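Colleague: Below are the structure tokens for one structure; questions will follow.
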Amino acid sequence: MNDTRMTLTLKDREIILVGTAHVSKESVAEVGRVIREEKPDMVCVELDEERYASLSQEENWKKLDVVKIFKEGKGFLLMANLVLSGFQRRLGQELGVRPGGEMKIAVETARELGLPYSFCDREVQITLRRAWVRCGLWSKCKLLASLLSSAVTTEKLSEKEIENLKDRSELDGMMAERADYLPSVKETLIDERDRYLAAKIWAAGGTKSAVIIGAGHMLGLKTHLERIAAGEEGEDVSELNVIPPQTLFSKLSGWIFPALLVALILAGFFFAGPGKSFTMILQWILWNGSLAALGTLIALGHPLSILVSFLGAPVATINPFIGVGLFSGITEATLRKPKVTDAETISEDIVSLKGIYRNRITRALLVFFLSSLGGAVGNFISIPSLAGLLIK
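Each residue of the sequence shown is one higher than the one before, counting from -12 in the working numbering.
As structure tokens, then:
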């Protein structure tokens, strides 16, 4: 097994960092062994209370209200959360261990030995929302595409390859790749959390702490802990819990396409007559509505959801405060209301394409995503198409 244990002596404190792979049998065994042997006076884990509750109380899925999530504009966030969890769960099934098992065993061992413990990670929803806000449209598409491809890939990793995820050189390569592909996401998911975890671990106290973290955070966490101990970095990380406001460009970008569309149609009206303008409107509706409907059809949405996608896409384009996915997702979730069994099996269903289609919760999310994607593609195609009509 790779050497993933590091002991730091900072001021009058000893901090034992234990790097893990989140779907590793070896990690689960190592965590329990380290806590029992070292008997620290504080155990810190890379979890927030919500994620720990989801590990220990799977029935929380039964409380999921999909329609409410769509109305609150959290559809993309839930999708990202689900497919990421599904990817880890699929790996865990291949290796016979549940994702996050090493974190859970750390808390259980601490309780068994009567040791204090602390959840030191930032709330997952804040992390995802900060990452999402900082992504541009293209980065959002790349992020979702990356997550979805990871969720449904049939490639299998051996237990040896999973253990290699804890190796420093392997992780350096992975992080460098992510930094080039999605730098803003890497900064939020890794760099910010390194600093946040270090501050919370330091604030948790204890003269001898056992810190259970994903191996990807080892080097960053070491750096930040040393800076805090040297007084070079503060312990206040409250700003990392704040969702950044949208930039002026982000606020205005939603109006760019409607303005361009209206300008083209008005140009057609004044320079080529009402007939040309009507033809342009009809062609835009066909591109926009048809591709949104096609996305819903690919998701095997209800026939009425397909119709709503076709009719709702043009309305959503003109009003940037709503998206066609809101219409189609709510329609799908209403007509095919998720059952308790869907909530109970969502963790298993998300690991395969067949399961995603079978589960009413994930299928409603798929309808939401693919109809939104189809409508967006239709808009991008229609602009040059309308411009071509105008100059004929």
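Cβ coordinates follow ideal geometry from the N, Cα and C atoms, glycine included. Computed from a predicted structure; not experimentally measured.
Taking 8 Å as the cut-off, does the region 173 to 192 touch the region 203 to 218 (at least 3 CB pairs, one atom from each stretch)?
Modeller: The region 203 to 218 vs the region 173 to 192: in contact.
Colleague: Skipping 5 residues on each side, what residues in its chain have a beta carbon closer than 7 Å to that of Glu179?
Modeller: The residue given as residue 179 occupies position 192 in the sequence shown. Here the set comprises Leu227.
Colleague: Do Val15 and Val5 have their CB atoms nearer than 9 Å?
Modeller: If you number the sequence shown from 1, residue 15 lands on position 28. If you number the sequence shown from 1, residue 5 lands on position 18. Cβ atoms of Val15 and Val5: not closer than 9 Å.
Colleague: For Asn366, which residues of its own chain have a beta-carbon under 7 Å away from its beta-carbon, when the five flanking residues on both sides are left out?
Modeller: The residue labelled residue 366 in the question sits at position 379 within the sequence shown. The answer, listed in chain order, is Phe244, Asn275, Thr304.
Colleague: Should the region 333 to 349 be regarded as contacting the region 252 to 268, the criterion being three or more beta carbon pairs within less than 8 Å?
Modeller: No contact exists between the region 333 to 349 and the region 252 to 268.
Colleague: To the nearest angstrom, report how far apart Arg155 and Thr7 are at their CA atoms.
Modeller: In the sequence shown, the residue the question calls residue 155 occupies position 168. In the sequence shown, the residue the question calls residue 7 occupies position 20. Because the pLDDT of Arg155 is 44, which lies under 50, any placement of that residue in the model is unreliable, and the number read from its coordinates should be weighed accordingly. Cα-Cα distance, rounded: 11 Å.
Colleague: Compute the beta-carbon to beta-carbon distance between Ile230 and Arg117, rounded to the nearest angstrom, for a pair I have assumed lies under 8 Å.
Modeller: Within the sequence shown, residue 230 is the residue found at index 243, counting from 1. Within the sequence shown, residue 117 is the residue found at index 130, counting from 1. The pair is a contact, with the Cβ atoms about 6 Å apart (cut-off 8 Å).
Colleague: Evaluate Leu373 with the Cβ neighbour count: other Cβ atoms within 10 Å of its Cβ, from every protein chain shown; 16 or more gives buried, anything less gives exposed.
Modeller: Your numbering for residue 373 matches position 386 in the sequence shown. Burial call: buried.
Colleague: Pick helix, strand or coil for Lys195, following the three-state DSSP scheme.
Modeller: Translated into the one-based positions of the sequence shown, residue 195 becomes position 208. Three-state DSSP puts Lys195 in a strand.
Colleague: Starting from Gly361, follow the beta strand (DSSP E) in both directions and report where the run begins and ends.
Modeller: Against the sequence shown, residue 361 aligns to sequence position 374. Gly361 -> not in any beta strand (DSSP E); alpha helix (DSSP H) instead, spanning 347 to 378.
Colleague: Could you give the distance in angstroms between the alpha-carbon of Ala363 and the alpha-carbon of Phe356?
Modeller: In the sequence shown, residue 363 corresponds to position 376, counting from 1. In the sequence shown, residue 356 corresponds to position 369, counting from 1. Distance between the alpha carbons of Ala363 and Phe356 is about 11 Å.
Colleague: Taking the beta carbon of Asp(-1) as the centre, do at least 16 other beta carbons fall within 10 Å, making it buried, or is it exposed?
Modeller: Reading the sequence shown from its first residue, position 12 is the one you call residue -1. Its Cβ having fewer than 16 others within 10 Å, Asp(-1) is exposed.
Colleague: I'd like to check one pair, Ser196 with Val354: are the Cβ atoms closer than 9 Å?
Modeller: As a position in the sequence shown, residue 354 is number 367, starting the count at 1. As a position in the sequence shown, residue 196 is number 209, starting the count at 1. No. Outside cutoff.
Colleague: DSSP on Ser339, reduced to helix/strand/coil?
Modeller: Sequence index remark: in the sequence shown, residue 339 carries index 352 (1-based). In this structure, Ser339 counts as coil in the three-state DSSP scheme.
Colleague: So which of Ile2, Cys107, Glu17 has the shortest CA-CA distance to Glu37?
Modeller: Walking along the sequence shown from the start, residue 37 turns up at place 50. Closest option to Glu37, Cα to Cα, is Cys107.
Colleague: Which residues in the same chain as Gln270 place their Cβ atom closer than 8 Å to its Cβ, once the five residues preceding and following it in sequence are excluded?
Modeller: Position 283 of the sequence shown, counted from the start, is the residue given in the question as residue 270. Ser369, Ser372, Leu373, Leu376.
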